[in-house]
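Residue numbers (our numbering): 66 to 265.
Each residue gets a CB set at the ideal place from its N, CA and C atoms; glycine is no exception.
Below is one structure, written out as structure tokens; comments come after it.
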Amino acid sequence: MKKVPFSIVDGFPESQRDLVVRLFWQAFRQKLNQVMQPETKAQAFLRRVADPTHAVSALSPDGSVIGIAGFKTANGAFIGGGLGDMCAVYGIVGGFWRGLLLSLLERPLQAETLLMDGIFVGNDARGQGVGTSLLTAIKERAVARGCSHVRLDVIDNNPRARRLYEQQGFVAEETIEMGPLLRRLFRFRRATTMIWTKTG
């Protein structure tokens, strides 16, 4: 595969919002489809709430987004929004129950810890160091914000991602087993919390 050059930037260009949504859905569709379907509304919601101020992007030379690492702070999240956003897309009833179920995946913020809010790389750019560069950038942003840790959760059916995180110095801290309902809805059995800690 021909290596594709890329650059790492804060945020993502507004002109790339639709592509960002497509790449996000491509990466997380299996996990989210049961709750967020139909796909047209899922992408409409993501398009509405995706926040470039909580993301780091990998851009190809023509400015196209080929990967993103999102994060969450007290001021917002890469994929944030609220019940009002959900109801605006799905209606009051549909938005309410979807919001309730998705809230079960929420993770609390912790002191001196930057919480990752998803990382994904387009299929054509995989295996070229994009994910590694995005994780490096996230760690740099964490330190710049005064955080000594980066936290993420990896699900059991994504061993490739876990290997990458381990290579980047993330250490498994806790594994949570999903109950029967969550297993059926989100298509994974367990999630492991992994922590990177600044040294020196």
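So, helix, strand or coil for residue i, using DSSP?
i	result
Ser122	strand
Ser72	strand
Arg163	helix
Lys137	strand
Leu280	Coverage of the chain is limited to positions 66 through 265, which leaves residue 280 absent and any answer about it impossible.
Leu217	strand
Gly132	strand
Glu171	coil
Phe143	coil
Phe185	strand
Gln193	coil
Gly265	coil
Cys212	coil
Asp21	For the chain, the structure presents residues 66 to 265; residue 21 sits outside this window and is missing.
Phe77	coil
Val222	Val is not the amino acid found at residue 222; the sequence shown has Asn there. Looking at Asn222 - three-state DSSP - the assignment turns out to be coil, as it is neither helix nor strand.
Gln102	coil
Asp127	coil
Could you check if residue i is buried or exposed, using at least 16 other CB atoms within 10 Å of its CB as the buried criterion?
i	result
Thr228	Reading off the sequence shown, one finds Arg at residue 228, where the question assumed Thr. Counting Cβ neighbours within 10 Å, Arg228 comes out exposed, since fewer than 16 surround it.
Gly146	buried
Pro117	buried
Ser168	exposed
Ala256	buried
Throw me the rounded Cβ distance for the residue i and residue j pair, which I believe falls under 8 Å.
i	j	result
Val186	Gly132	4 Å
Leu124	Ser72	5 Å
Gln253	Lys96	In the sequence as presented, Gln is not what sits at residue 253; that position holds Phe. Contact holds; Cβ gap of about 7 Å.
Pro70	Gly128	In fact, because the Cβ distance is near 12 Å, the residues do not count as touching under 8 Å.
Glu238	Thr262	That belief does not hold up - the Cβ atoms of Glu238 and Thr262 are roughly 10 Å apart, past 8 Å.
Gly183	Ile241	Actually they are not in contact, since the Cβ atoms of Gly183 and Ile241 sit about 18 Å apart, beyond 8 Å.
Ile203	Ala115	In fact, because the Cβ distance is near 17 Å, the residues do not count as touching under 8 Å.
Arg163	Val100	6 Å
Val130	Leu88	7 Å
Given 7 Å as the limit, tell me if residue i has its C-beta closer than that to any heavy atom belonging to the ligand FMN.
i	result
Ile220	The ligand FMN is not among the ligands present in this structure, which contains no ligands whatsoever.
Looking only at DSSP bridge pairs, what is residue i linked to?
i	result
Val236	Ile260
Ile241	Ala256
Ala115	Ile144
Does the stretch 207–218 come close enough to the stretch 144–159 to have 3 or more Cβ pairs within less than 8 Å?
no
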